[in-house]
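Chains X and A, in that order, give the protein sequences. Mapping to the numbering used here: the first sequence position 159 is 191, numbers consecutive. Mapping to the numbering used here: the second sequence position 14 is 208, numbers consecutive. Note that beta-carbon positions come from the ideal geometry of N, C-alpha and C, so glycine has one too. In this text the structure is predicted, and so the values were computed from the model without any measurement.
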Amino acid sequence: MDSGHAARSRERAEDVRLAAPKPATGPGGAEGFELGGRVWGSRLIVGTGGFHSLDAMERALIASGAEIVTVALRRVDPGGKGSALDVIDRLGKFALPNTAGCYTARDAVRTARLAREAFETDWVKLEVIGDDRTLFPDAVELVDASETLVDEGFVVLPYTNDDPILARRLEDAGCAAVMPLGSPIGSGMGIANPYNIQIIVERATVPVILDAGIGTASDAALAMELGCGGVLLSSSIARAKDPETMATAMQQAVEAGYAARRAGRIPRKLHAQASTRDEGTPELD
Amino acid sequence: MIVRVNGRPAELPEGATVADAVKAVGIDGENRGIAVAVDGEVVRGTDWERTRLLERQAVEVVRAVQGG
Numbered sequence: 033m034d035s036g037h038a039a040r041s042r043e044r045a046e047d048v049r050l051a052a053p054k055p056a057t058g059p060g061g062a063e064g065f066e067l068g069g070r071v072w073g074s075r076l077i078v079g080t081g082g083f084h085s086l087d088a089m090e091r092a093l094i095a096s097g098a099e100i101v102t103v104a105l106r107r108v109d110p111g112g113k114g115s116a117l118d119v120i121d122r123l124g125k126f127a128l129p130n131t132a133g134c135y136t137a138r139d140a141v142r143t144a145r146l147a148r149e150a151f152e153t154d155w156v157k158l159e160v161i162g163d164d165r166t167l168f169p170d171a172v173e174l175v176d177a178s179e180t181l182v183d184e185g186f187v188v189l190p191y192t193n194d195d196p197i198l199a200r201r202l203e204d205a206g207c208a209a210v211m212p213l214g215s216p217i218g219s220g221m222g223i224a225n226p227y228n229i230q231i232i233v234e235r236a237t238v239p240v241i242l243d244a245g246i247g248t249a250s251d252a253a254l255a256m257e258l259g260c261g262g263v264l265l266s267s268s269i270a271r272a273k274d275p276e277t278m279a280t281a282m283q284q285a286v287e288a289g290y291a292a293r294r295a296g297r298i299p300r301k302l303h304a305q306a307s308t309r310d311e312g313t314p315e316l317d
Numbered sequence: 195m196i197v198r199v200n201g202r203p204a205e206l207p208e209g210a211t212v213a214d215a216v217k218a219v220g221i222d223g224e225n226r227g228i229a230v231a232v233d234g235e236v237v238r239g240t241d242w243e244r245t246r247l248l249e250r251q252a253v254e255v256v257r258a259v260q261g262g
């Protein structure tokens, strides 16, 4: 190629390298995670579903270091067990309500309004499901619900798929983040399409939070290496054999992946690049 | 009169309020994490005592649970 073309290629490569995310400064000068107009100390968001006991949930939440914890809304059951919310309040964590179980925009919007009342917060993780086998989001209902809820002053964090066009629509609607799935909820299949996640990351101007399908620590680290601002996971901890240990692993994985991203990795190459210089090699034959 | 509370028919006296329906499902006192909708519309906690229910209305009393 001619020298002008080579120079332009180098410039583009340079631009990509320099576009690594700049850490926000949080309380105490430590790096913070800017989300929804607040700065958080942890980039890991954990769900509360599926733990064997409130005690197991509590130990795992502490080990995870998560500050934001998701909860759902269900009918009051007079015989129901003690309160997850009591544990969350006592740990000083922020309860993020989820419109889990909603299949239409109308349901999701009504659930969000109920949640706003129950939790005294404008924040909502918006889930509008299209299908009960895959639990994939219904894109049409999701965009509709997002627009309505943003208009009503909610801080909307939408659970979405890995379609970059849908992600842009949600951002344009005013959502505070986009939360693409890695693979189906609870499937543990990790990140099925890392290329789409990368494309979403490169275009988004709101945080991208990988939400759903994480199975183990390396999945969470990969999400951060791809440039996600955070990870939301639930089953991978709650249903692990040892949830508390897995929660620790996830906390470490999210930090490791984030640091690796900021460190600027070497590119993938087909051929070798020696790490020891040739010059000064003794001739011993 | 009969209203539906959490999907089940419930016998409440004429003039019963949302607050009465909430008590009927066993919530007394602590409102944190509880929300109520009547026929799909949220009724704010401050309005429970003064919102009267009508025959056949559907009341949903929900709370925060593990999940999400």
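Identify the contact partners of residue i in chain A, using a Cβ-Cβ distance below 7 Å as the criterion.
i: Thr80 of chain X; result: Gln260, Gly261 and Gly262
i: Arg91 of chain X; result: Residues of chain A passing the Cβ test: none, with the nearest at roughly 14 Å.
i: Thr102 of chain X; result: Gly262
i: Arg142 of chain X; result: Ala231 and Gly234
i: Ala127 of chain X; result: Ala258
Would you identify the three-state DSSP class for residue i, choosing helix, strand or coil?
i: Pro275 of chain X; result: helix
i: Ile221 of chain A; result: coil
i: Arg297 of chain X; result: coil
i: Glu86 of chain X; result: Note on identity: in this sequence residue 86 of chain X is Leu, with Glu being the wrong assignment. Helix at Leu86 of chain X.
i: Gly64 of chain X; result: strand
i: Val216 of chain A; result: helix
i: Gln284 of chain X; result: helix
i: Leu146 of chain X; result: helix
i: Ala45 of chain X; result: Residue placement at Ala45 of chain X is flagged as unreliable, the pLDDT there being 43, under the threshold of 50; the coordinate-derived value follows with that caveat. Ala45 of chain X falls in the helix class under three-state DSSP.
i: Ala210 of chain A; result: coil
i: Glu235 of chain A; result: strand
i: Leu247 of chain A; result: coil
i: Gly262 of chain X; result: strand
i: Leu316 of chain X; result: coil
i: Gly58 of chain X; result: At Gly58 of chain X the pLDDT is 40, less than 50, meaning the model places this residue with poor confidence and gives no usable figure here.
i: Ala304 of chain X; result: coil
i: Glu205 of chain A; result: strand
i: Leu167 of chain X; result: coil
i: Glu254 of chain A; result: strand
Applying a beta-carbon distance threshold of less than 9 Å, which residues of chain A neighbour residue i?
i: Pro83 of chain X; result: For the sequence presented, residue 83 of chain X should be read as Phe rather than Pro. The contacting residues are Gln260.
i: Ala132 of chain X; result: Gly261 and Gly262
Rounding to the nearest angstrom, what Cα-Cα distance links residue i and residue j in this structure?
i: Ile221 of chain A; j: Ala215 of chain A; result: 9 Å
i: Gly209 of chain A; j: Gln283 of chain X; result: 53 Å
i: Asp317 of chain X; j: His303 of chain X; result: 27 Å
i: Lys301 of chain X; j: Ala171 of chain X; result: 37 Å
i: Pro320 of chain X; j: Ser215 of chain X; result: Beyond the ends of chain X as shown, which are 33 and 317, falls residue 320 of chain X; an answer cannot be given.
i: Ala24 of chain X; j: Ile197 of chain X; result: Not covered by the structure: residue 24 of chain X. The range shown for chain X is 33 to 317.
i: Ala88 of chain X; j: Glu63 of chain X; result: 29 Å
i: Val232 of chain A; j: Glu224 of chain A; result: 20 Å
i: Leu117 of chain X; j: Arg309 of chain X; result: 60 Å
i: Asp290 of chain X; j: Ala147 of chain X; result: Per the sequence shown, residue 290 of chain X should be read as Tyr rather than Asp. Between Tyr290 of chain X and Ala147 of chain X, the C-alpha separation is close to 32 Å.
i: Gly261 of chain A; j: Ser74 of chain X; result: 20 Å
i: Ala137 of chain X; j: Val188 of chain X; result: 13 Å
i: Val71 of chain X; j: Val197 of chain A; result: 45 Å
i: Asp121 of chain X; j: Phe186 of chain X; result: 21 Å
i: Leu206 of chain A; j: Arg244 of chain A; result: 15 Å
i: Ala279 of chain X; j: Lys273 of chain X; result: 11 Å
i: Ala295 of chain X; j: Ala218 of chain A; result: 58 Å
i: Leu167 of chain X; j: Arg246 of chain A; result: 38 Å
i: Ile229 of chain X; j: Arg238 of chain A; result: 40 Å
i: Ser307 of chain X; j: Lys125 of chain X; result: 46 Å
i: Val199 of chain A; j: Val238 of chain X; result: 41 Å
i: Arg257 of chain A; j: Glu234 of chain X; result: 38 Å
i: Gln305 of chain X; j: Glu311 of chain X; result: 15 Å
i: Arg250 of chain A; j: Ala204 of chain A; result: 9 Å
i: Thr240 of chain A; j: Arg297 of chain X; result: 55 Å
i: Val141 of chain X; j: Ala177 of chain X; result: 6 Å
i: Asp194 of chain X; j: Phe65 of chain X; result: 22 Å
i: Glu159 of chain X; j: Pro169 of chain X; result: 7 Å
i: Tyr135 of chain X; j: Gly162 of chain X; result: 6 Å
i: Arg201 of chain X; j: Glu179 of chain X; result: 10 Å
Could you work out which residues of chain X lie near residue i, taking near to mean beta carbons separated by less than 9 Å?
i: Ala229 of chain A; result: Leu105, Arg145, Leu146, Ala147, Arg148, Glu149, Ala150 and Phe151
i: Arg257 of chain A; result: Leu105, Arg106, Arg107, Val108, Asp109, Gly112, Ser115, Leu117 and Ala150
i: Val219 of chain A; result: Arg107, Val108, Asp109 and Pro110
Can you pull the chain X residues whose beta carbon is under 8 Å from the beta carbon of residue i, in chain order?
i: Ile196 of chain A; result: What Ile196 of chain A touches in chain X: nothing, since even the nearest Cβ is about 18 Å away.
i: Arg238 of chain A; result: Glu149
Could you list which residues in chain X have their beta carbon closer than 7 Å to that of residue i, in chain order?
i: Glu254 of chain A; result: Arg107
i: Arg226 of chain A; result: Leu117
Nearer than 8 Å: is that true of the beta carbon of residue i relative to any heavy atom of the ligand PLP?
i: Arg293 of chain X; result: Questions concerning the ligand PLP fall outside what the structure shown contains, since it holds no ligand whatsoever.
- Message: Threshold first: 4 residues or longer. Then list the alpha helix (DSSP H) segments lying entirely within the stretch 169-247 of chain X, N to C.
- Response: You should have 171-183, 196-204 and 226-235.
- Task: Kindly confirm or deny that the stretch 267-286 of chain X and the stretch 221-230 of chain X touch, where touching means at least three C-beta pairs closer than 8 Å.
- Result: no
- Item | Touch test, the stretch 248-262 of chain X against the stretch 285-297 of chain X, Cβ-Cβ under 8 Å, three pairs minimum | With contact defined as three or more Cβ pairs closer than 8 Å, the stretch 248-262 of chain X and the stretch 285-297 of chain X are in contact.
- Item | In chain order, each beta strand (DSSP E) run of at least 3 residues that lies wholly inside the stretch 72-144 of chain X | 76-79, 100-107 and 126-129
- Listed from N- to C-terminal order along the chain, which residues in the stretch 152-164 of chain X have their beta-carbon within a distance smaller than 9 Å of any beta-carbon of chain D? Looking for chain D here will not work: the only protein chains present are X and A.
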